[in-house]
Structure formats: structure tokens, C-alpha cells
Amino acid sequence: MIRINHILQAKYLAAFLLMQIPLLYRLVFFDVAFGFFYVGYILLLPHGTNRSLIMVIGMLSGLLIDVFSSTPGIHASACVLITFIKDSWYNVANEHSEDDVDLSVNAVGLWGFTKYALPLIFIHHCIIFIVENGGLINFWMLSGKIFYSTILSFIIILTIGYLLSPRKQRI
Amino acid sequence: MRNLLDFLYRYRTFGLFIVLEVLCAWLIIQYNNRYNASFLNSSNTLAASISQASQNTENYFKLQQINKQLLEENERLKDSLINRPLIYAGNDSIKARYHATKARVINNTYRRSMNFMTLDVGQQAGVAPGMGVISGTGVIGQVKSVSQNFSTVISLLHRNLMVSSTLKRTNTICTVSWDGLSPIQAEVKFVPKHIDLQVGDSVVTSDYNSVFPPGIMIGIVSEVNVKEEDVYYGARIDLTTDFTSLTYAYVISDDLKAEQDSLENLLEQ
Numbered sequence: 001m002i003r004i005n006h007i008l009q010a011k012y013l014a015a016f017l018l019m020q021i022p023l024l025y026r027l028v029f030f031d032v033a034f035g036f037f038y039v040g041y042i043l044l045l046p047h048g049t050n051r052s053l054i055m056v057i058g059m060l061s062g063l064l065i066d067v068f069s070s071t072p073g074i075h076a077s078a079c080v081l082i083t084f085i086k087d088s089w090y091n092v093a094n095e096h097s098e099d100d101v102d103l104s105v106n107a108v109g110l111w112g113f114t115k116y117a118l119p120l121i122f123i124h125h126c127i128i129f130i131v132e133n134g135g136l137i138n139f140w141m142l143s144g145k146i147f148y149s150t151i152l153s154f155i156i157i158l159t160i161g162y163l164l165s166p167r168k169q170r171i
Numbered sequence: 172m173r174n175l176l177d178f179l180y181r182y183r184t185f186g187l188f189i190v191l192e193v194l195c196a197w198l199i200i201q202y203n204n205r206y207n208a209s210f211l212n213s214s215n216t217l218a219a220s221i222s223q224a225s226q227n228t229e230n231y232f233k234l235q236q237i238n239k240q241l242l243e244e245n246e247r248l249k250d251s252l253i254n255r256p257l258i259y260a261g262n263d264s265i266k267a268r269y270h271a272t273k274a275r276v277i278n279n280t281y282r283r284s285m286n287f288m289t290l291d292v293g294q295q296a297g298v299a300p301g302m303g304v305i306s307g308t309g310v311i312g313q314v315k316s317v318s319q320n321f322s323t324v325i326s327l328l329h330r331n332l333m334v335s336s337t338l339k340r341t342n343t344i345c346t347v348s349w350d351g352l353s354p355i356q357a358e359v360k361f362v363p364k365h366i367d368l369q370v371g372d373s374v375v376t377s378d379y380n381s382v383f384p385p386g387i388m389i390g391i392v393s394e395v396n397v398k399e400e401d402v403y404y405g406a407r408i409d410l411t412t413d414f415t416s417l418t419y420a421y422v423i424s425d426d427l428k429a430e431q432d433s434l435e436n437l438l439e440q
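In the order they appear, the protein sequences are chains X and E. Reminder that position 37 of the first sequence reads as 37 in the working numbering, one-by-one numbering, no gaps. In the working numbering, each residue carries its 1-based index in the second sequence increased by 171.
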């Protein structure tokens, strides 16, 4: 049985998902970097939760973003894929230990978090930009958008993650 | 049978994954239809109210710029009123065909590869899917779906929107569509090579569409390419509308659209 810090999850929900809505297309740098930091909420869902449950949560949060960007299904499909592979990917990227429930930055360390989050953010951004673009037309512009957006989203997620994640307690 | 149930049970997570992805794919494909009554977009009342609130905050800081835009538009309208030929003044059948409904843009994107905007008018103001949307400076899009008080508009900066247009100087029919690159430029297609196309020509909406009134400005030709093997020119226009600072728009309703469409459909059958 795993213990989930519900208060922390509620904070993540507010900071990532709800904050994203007013900032959805206002947080754009140099015309290519879009900050889709809501994906941080999905990445920080506790490790080891029932996978079907988190896939449904992922789908719903993706649909919420879709409603505001008029792209029904695109963000949702990317989120479902991320939630489906995130636990397995975490076990590959970081050595698995049974009590790793909390995936916050302070708990897994900066390098551990980067190894875990950055590739998943990249996959997520690949899907949403390519599907929205309807294929690989304007390839260089598209890959620029994906590349810079991944970096921007990662930086924002890392910052919010640091601010919210609980300090390691000494026993 | 038992084996089948066992199999399904063992792969239930993967099954759910497939089901959810298929559901998403269905949503994506279904949304590609030109007009729909989807509630999963920005004309959804709840979503639009939230967009409106955040846009209101943003507009507060842009009041000076908005004022200036409206003043400029006023000036243009005054100008055209003065220069208007008297012959049209009493001609009600021309005047009465199109009506404009004023609207505020409460959500607008221009850096994506498919751009949409949200307006604060809906069914109650008489807006219906398929109507044209213009601003003070030119064409900006076409209504995609409406709710009670809001509507989602396909921006001209959307690769699926084609606007039937003409070159003002030569009266040549052509098509304007966006190529997904820059929010200040679009492409002009299907201008035959025997026409003398020049940089600086105005491109306006044509008489042949039932979406926009004829003669609405779209852009000015900025680049003309001639390729030996092509039948048509490859040309680009600078859009006259600045999509990065849209605040007000007008939804155009055409009283004779139903009549024109049914007549044209009759011919096609």
C-alpha cells in the first residue's frame, strides 16, 4: 500500500494545471517556445499508482487544456501516452526502489528528475506539435518549436517543482 | 472462453490505453469537419467565460493601443462615407444584404500552425457557423462553432481556410490561404501566368463567395515568383490585418446566403 500526499498533489494540480489555463498561449518566447508546463502535473503523479487510474486522470487533464486551445483530443492523446509509459520509464531511467512514491525534485534529485522528465516532455511536445501541424510540413520550423518549447516547459516545471516539493526530512 | 477472459484481464491496462487513444483520435478526426457543434472547444460557455476574464485583465493594460486602433478605423469609415457615390445612397437592395454584428475577441492565437479565436457573441446575437468575420482592416476568419453567447472562429491563419478573392486591379479570381509560416503573410494561389501580377497589387474578397461581402481587403502582394514548369504564379501577400493585436471584430451575416446556396446546389444536382 502506498501513501500519497494528497495535499501536495492538490498543490501540483493548482500550480500546473489551473495556472496553465490563463497562460496557455500567452507564455510564448521568441515566437517558437511555448510553455506547456501543465504536463508537470502528470509527471509528478505518485509513482506506483494504479496505471488505469492515472491514464484516466491524464486524459481528463489533457481534455481540459484541449477545451481552451480548441484542439479536442490532441493534448489528451499525448497525456494518455505519457501516463501509460511514465512508471516504466522511471524504472528504466532511475534505479527502482520500492519506497519511491514521491517524484518531486527534492526526493529524486536534480539529475534523476532531469533523466526522468526531459525525455517524456519531449515526447509529449512532439505529439502535440506534429498532430496539430498535420504532419511534418514546415519541418524546420516545427522541430524548432518542439525543441525550444521542451526546454521552456522543462525550466518552468523544474522551478515550480523546486518551489513546491517538500524538503527532505532528517530522521 | 475462460482463456479469452484471462487474456483480457491480463492486458486490461493496455486495452484501456488503446481505448483512450482511439477515443482521442476520434475526437481529433471529428473536429476536422468544417462546422460542428462540439462543446469541447473554446466556445464552451465555461471555458469562454474564463478566457474572457483573463482577456479583460490583459486589455486593461492595452487600452491606449485599442483606442488608437478604433480611432484609425473611425477615420477610415468617415473617409469612405464622404467619398461614397450618391448613387448607392438610396439603393436598399445593396445595403440590406449584409449585416455586421460587433464582437470582442476574447481569445486569439497566431503562432500555432492551426489558429483559432474566440468571440463574445453567439446564437443569441444571431451568429451561426459558416459566417465570415472581418475586422476594421480586413478579413480575419470564419465562424466554426457557436454556443449561446460565444463562438469559435477559424482564423485566416489556419491552413484549412481558403478565401475566394480577386486581384483588385485586374479582377482575376484567385484563392488566399495561409502556409503556416509567418502570421503577417499568406499565399495567393491560382493566378494564371498570362495575368500581369505585380508587387503592390491589392487582393480583396471576390464577388463569388457567400461568406464575405465583395471587396473586403485581405492583403497586398509583396512577392511574385514565376516558375517555368508551373501554370500559376507563386505569390505571397502582406496581410493588412495585424493578427497580433486583434481586439474588435465584426461577424458578417448574409441575408441572401440561404437563397444563393440553395440555387447553386440545385444546379449541381
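Idealized CB from N, CA, C, for every residue including glycine.
Query, Result
"Roughly how many angstroms lie between the CA atoms of Ile258(E) and Gly386(E), to the nearest whole one?", "Unreliable positioning characterises Ile258(E) in this predicted model, as indicated by a pLDDT of 49, which lies under 50. The coordinate reading is nonetheless provided below. Between Ile258(E) and Gly386(E), the C-alpha separation is close to 18 angstroms."
"Would you say Ile258(E) lies against chain X (beta-carbon separation less than 9 angstroms)?", "Low confidence applies to Ile258(E): its pLDDT is 49, below 50, so where it sits in the model is not reliable enough to give any reading."
"So, is Lys233(E) buried or exposed, given that buried needs 16 or more other C-beta atoms within 10 angstroms?", "exposed"
"How long is the line joining the alpha carbons of Leu60(X) and Val304(E), rounded to whole angstroms?", "32 angstroms"
"Specify whether the region 109 to 119 of chain X and the region 61 to 81 of chain X touch according to this definition: at least 3 beta carbon pairs, one from each stretch, less than 8 angstroms apart.", "no"
"Within 10 angstroms of the Cβ of Thr376(E), are there 16 or more other Cβ atoms? Answer buried if so, exposed if not.", "buried"
"Which residue wins for smallest C-alpha separation from Arg340(E), given the options Arg330(E), Asp372(E), Gln319(E), Ser322(E)?", "Asp372(E)"
"Taking only runs that begin and end inside the region 21 to 93 of chain X, name each unbroken alpha helix (DSSP H) of 4 or more residues, in chain order.", "39 to 43, 51 to 69, 74 to 93"
"Interface residues of chain E around Ala55(X) at Cβ under 9 angstroms?", "The residue you asked about is not Ala; residue 55(X) is Met in the sequence shown. Within chain E, the residues near Met55(X) are Thr184, Leu187, Phe188, Leu191."
"So what does DSSP say about Ala299(E), is it helix, strand or coil?", "coil"
"Run through chain E and tell me which residues come within less than 8 angstroms of Val131(X), C-beta to C-beta.", "Ile199"
"Using DSSP with H/G/I as helix, E/B as strand and the rest coil, what is Gln319(E)?", "coil"
"Between Arg167(X) and chain E, is any beta-carbon pair separated by less than 9 angstroms?", "no"
"Compare the C-beta of Arg283(E) with all C-beta atoms of chain X and state if any pair is closer than 9 angstroms.", "yes"
"Measuring alpha carbon to alpha carbon, tell me which of Asn174(E), Lys428(E), Lys360(E), Thr272(E) ends up nearest Val402(E).", "Lys360(E)"
"Say yes only if the C-beta of Lys145(X) is nearer than 8 angstroms to one or more non-hydrogen atoms of the ligand MG, and no if none qualify.", "Annotation note on the ligand MG: not contained in the displayed structure, which lists no ligands."
"Which bits of chain X does Gly351(E) rub up against, with CB to CB less than 7 angstroms?", "Ile137, Asn138"
"Measure the CB-CB distance between Tyr202(E) and Gly58(X) and report whether it falls below 9 angstroms.", "no"
"For the region 63 to 80 of chain X, which residues have a beta carbon sitting closer than 8 angstroms to at least one beta carbon of chain E?", "Leu63, Asp66, Val67, Phe68, Ser69, Ser70, Thr71, Pro72, Gly73, Ile74, Ala76, Ser77, Val80"
"Is the CB-CB distance between Ser119(E) and Thr337(E) below 9 angstroms?", "Nothing can be reported for residue 119(E), as the shown portion of chain E is limited to 172 through 440."
"Taking Cβ-Cβ distances shorter than 8 angstroms, what residues in chain E pair up with Val28(X)?", "Arg282"
"From the beta carbon of Tyr25(X), is the nearest beta carbon of chain E less than 9 angstroms away?", "yes"
"Output, in chain order, the set of chain X residues within a Cβ distance shorter than 9 angstroms of Ile221(E).", "Ile21, Pro22, Phe68"
"Sorted by chain position, which residues of the same chain lie with C-beta nearer than 6 angstroms to Asn396(E)'s C-beta, five sequence neighbours on each side aside?", "Gly405"
"Following the continuous beta strand (DSSP E) through Ala420(E), name the residue where it begins and the one where it ends.", "419 to 425"
"Quick check on DSSP: helix, strand or coil for Ser381(E)?", "coil"
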